[in-house]
Amino acid sequence: LTGKAFVCEGKCLPHRMVSLQSRCIESPEAENDLTVPQEYGDLEQAYINELLREYLGRSVITKINDILIYSSSWDQHMHDTRAVLRTLLQNHLYCRLEKCEFHRKEVSFLGYIICEGSVRMQSCKVEAVRDWPRLQTRRELQHFLGLANFYHHFIKSFSTVARPLTDLHCGGAKRLKWGPEAEKSFSELK
1 LTGKAFVCEG KCLPHRMVSL QSRCIESPEA ENDLTVPQEY GDLEQAYINE LLREYLGRSV
61 ITKINDILIY SSSWDQHMHD TRAVLRTLLQ NHLYCRLEKC EFHRKEVSFL GYIICEGSVR
121 MQSCKVEAVR DWPRLQTRRE LQHFLGLANF YHHFIKSFST VARPLTDLHC GGAKRLKWGP
181 EAEKSFSELK
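The sequence shown maps to residues 1 to 190 in full-length UniProt numbering.
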């Protein structure tokens, strides 16, 4: 992902999606919004990917109804943004303006901060891991490993570092038998 200009369009709302219409439910939080039940998320993703297929991997990343447009120059970005919005409009998909961020040099997207030439972790998630109290139960360990694993590609030799905690998680006891290896692993991941 190498872009100089970004737009993060969140929550494209299907107005008329015939193939999904019978399976959509009205969202209790917002009038006139349609929400696809979780089991149809793959179907919605496939639909959005099909609509934007010519832009995927070139200037667009999608995740269900979140769309990121990235471009190498400002002029190209204006062109890409117009093209994507036109495609959505032609297919009766509308973006809720208050959920959109246009022409940004840095965006938060799917748990990451994306800017020119780099992708980094969100600082609030880094702080959450850094401030995590010592683990007492398997459930706490599971939550910690889940968050740490989300950012595994930022941690050199993640699987090796996390191995003592992963082994501890696989044990059957509800209470953790915390030893020096687990403490070292926990500290290194933090």
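Ideal Cβ positions, reconstructed from N, Cα and C, are used throughout, including at glycine.
Residue i versus residue j - alpha carbon distance
| i | j | result |
| --- | --- | --- |
| C124 | D131 | 10 angstroms |
| K63 | F102 | 18 angstroms |
| M121 | G146 | 15 angstroms |
| C170 | L141 | 10 angstroms |
| G111 | S185 | 23 angstroms |
| A128 | K177 | 23 angstroms |
| V107 | G117 | 12 angstroms |
| L156 | N149 | Inspection of the sequence shows that residue 156 is occupied by Lys rather than by Leu. C-alpha separation (whole angstroms): 12 angstroms. |
| F109 | P180 | 37 angstroms |
| Q90 | F144 | 44 angstroms |
| N65 | R134 | 37 angstroms |
| A182 | R139 | 15 angstroms |
| H79 | H153 | 32 angstroms |
| R86 | Y151 | 34 angstroms |
| K105 | T81 | 14 angstroms |
| V119 | H92 | 32 angstroms |
| V126 | Q45 | 29 angstroms |
| R53 | S187 | 43 angstroms |
| H77 | Y94 | 19 angstroms |
For residue i: DSSP bridge partner residues
| i | result |
| --- | --- |
| E140 | Partner(s): none; E140 has no beta bridge. |
| Y112 | F109, M121 |
| R82 | Per DSSP, none; premise fails for R82. |
| R175 | T137 |
| residue 201 | A query on residue 201 cannot be resolved here, the shown segment of the chain reaching from 1 to 190 and no further. |
Within 9 angstroms, strictly: CB atoms of residue i and residue j
| i | j | result |
| --- | --- | --- |
| A83 | Y47 | no |
| L189 | L168 | no |
| L43 | L88 | no |
| R175 | T137 | yes |
| L68 | I114 | yes |
Cutoff 9 angstroms: residue i Cβ touching any chain C Cβ
| i | result |
| --- | --- |
| E98 | Of the protein chains in the structure, only one exists, and it is not chain C. |
Taking contact to mean at least 3 C-beta pairs separated by less than 8 angstroms, is the stretch 52-59 in contact with the stretch 71-85?
-> By the Cβ test, the stretch 52-59 is in contact with the stretch 71-85, since at least three Cβ pairs between them sit closer than 8 angstroms.
Three CB pairs or more closer than 8 angstroms across the stretch 95-113 and the stretch 160-173 = The stretch 95-113 makes no contact with the stretch 160-173: fewer than 3 CB pairs, one atom from each, lie closer than 8 angstroms.
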